[in-house]
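Q: Have a look at this one before I ask anything.
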Amino acid sequence: MSPKPRKPPIDKAAIRERLERARAEHLLVWICRWIPNSDSIRGFVVGHGKKWVLVATHIGGAQPDGWTLLRIRDIQAVQLHVASEHLEEKALKLKGLWPPASPEAEISLGDTASAITDAAAAAGPLLAVFTEFREPDACWIGSVISTDLDVLTIREISATAEWLQKPRTFDLDDITRIDVGDDYAATLHLVSSA
Numbered sequence: 024m025s026p027k028p029r030k031p032p033i034d035k036a037a038i039r040e041r042l043e044r045a046r047a048e049h050l051l052v053w054i055c056r057w058i059p060n061s062d063s064i065r066g067f068v069v070g071h072g073k074k075w076v077l078v079a080t081h082i083g084g085a086q087p088d089g090w091t092l093l094r095i096r097d098i099q100a101v102q103l104h105v106a107s108e109h110l111e112e113k114a115l116k117l118k119g120l121w122p123p124a125s126p127e128a129e130i131s132l133g134d135t136a137s138a139i140t141d142a143a144a145a146a147g148p149l150l151a152v153f154t155e156f157r158e159p160d161a162c163w164i165g166s167v168i169s170t171d172l173d174v175l176t177i178r179e180i181s182a183t184a185e186w187l188q189k190p191r192t193f194d195l196d197d198i199t200r201i202d203v204g205d206d207y208a209a210t211l212h213l214v215s216s217a
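The sequence shown begins at 24 in our numbering and counts up one residue at a time.
Structure below.
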């Protein structure tokens, strides 16, 4: 494995200001992270805290598809789309889905363990865990068994909706992204429950 890349200098105050403006004004954002080969995230900021930002994501721009939690320290840039009304906003308004919603229960975004536990409770029962520095092209989907100050343990589900017997653990410091409430996870849960 190659050594972890060095983080470029980033103005964290400017990042936080942009995230807050995006949340307050319901602006569409494009969030780029400095993690090599990581996905850029497009959506609407619906919350942010000391360590994490919560972004409402959409399929095709106009169909809600859950939420993505991103570690703030990994964010390199936040591009704000300040057009008077862009396609996504118009479509969501026409569907009665404006402004973009947060999960029904509050998610604490101040520390990783709370963010994971709250996200699973609010939008679960399945979540996708990303450790993009260790494995940039992979994620693991499952239900939370436990979290403590250092480790997340999940019961993993396969791409064929089969529950795996051996729990998977993650060092909380390695987690860079969490997806919850998306259509793919809902489909896996539906099929696994049948």
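Beta carbons: idealized from backbone N, C-alpha and C, even for Gly.
Since this is a predicted model, take the numbers as computed values, not measurements.
Excluding sequence positions up to five away, which residues of its chain have a Cβ less than 6 Å from the Cβ of Phe153?
A: Counting only Cβ-Cβ distances below 6 Å, and skipping sequence neighbours, we find Cys162, Thr199, Arg200.
Q: Threshold first: 3 residues or longer. Then list the beta strand (DSSP E) segments lying entirely within the stretch 69 to 108, N to C.
A: Fully enclosed beta strand (DSSP E) runs of 3 or longer: 75 to 82, 86 to 94, 98 to 104.
Q: Does Ser216 come out as helix, strand or coil in the three-state DSSP assignment?
A: Looking at Ser216 - three-state DSSP - the assignment turns out to be helix.
Q: Can you tell me whether Ser169 is helix, strand or coil according to DSSP?
A: Strand at Ser169.
Q: I'd like to check one pair, Asp88 with Asp171: are the Cβ atoms closer than 8 Å?
A: Not in contact: Asp171 and Asp88 (Cβ atoms no closer than 8 Å).
Q: Assign Ala36 to one of two classes, buried (16 or more other C-beta atoms within 10 Å of its C-beta) or exposed (fewer than that).
A: Exposed, since its Cβ has fewer than 16 Cβ neighbours within 10 Å.
Q: Gly147 to Gly70, Cα distance in whole Å?
A: C-alpha separation (whole angstroms): 17 Å.
Q: Between Trp121 and the rest of its own chain, which residues show a CB-CB distance below 7 Å, the 5 nearest in sequence each way excluded?
A: Answer for Trp121: Glu112, Leu115, listed in chain order.
Q: What does DSSP give as the partner residue(s) for Trp53 in the beta ladder?
A: Answer by DSSP bridge pairing, in chain order: Arg65, Gln102.
Q: Excluding sequence positions up to five away, which residues of its chain have a Cβ less than 8 Å from the Cβ of Phe156?
A: Correct list, in chain order: Lys27, Ile58, Asp197, Thr199.
Q: What are the boundary residues of the alpha helix (DSSP H) that includes Ile201?
A: Here Ile201 belongs to no alpha helix (DSSP H); instead the beta strand (DSSP E) covers 200 to 203.
Q: Just checking my contact of Gly66 with Pro126 at CB under 8 Å: how many whole Å lie between their CB atoms?
A: Not a contact, Cβ separation roughly 14 Å.
Q: In this structure, does DSSP put Ile139 in helix, strand or coil?
A: In the structure shown, Ile139 sits in a helix (DSSP, three-state: H, G or I).
Q: Measure from the alpha carbon of Ser63 to the alpha carbon of each residue in Leu92, His49, Ala209, then state which is nearest.
A: Closest option to Ser63, Cα to Cα, is Leu92.
Q: Please tell me whether Lys74 and Thr140 are closer than 8 Å, where the distance is taken between their beta carbons.
A: The answer is no: Cβ separation not under 8 Å.
Q: Are the Cβ atoms of Leu103 and Ala47 separated by less than 8 Å?
A: For Leu103 and Ala47, no; Cβs fall outside 8 Å.
Q: What residue from Pro159, Arg178, Val174, Glu158 has the CA that sits closest to Ser166's CA?
A: Considering only alpha carbons, the answer is Arg178.
Q: DSSP on Ala151, reduced to helix/strand/coil?
A: In the structure shown, Ala151 sits in a strand (DSSP, three-state: E or B).
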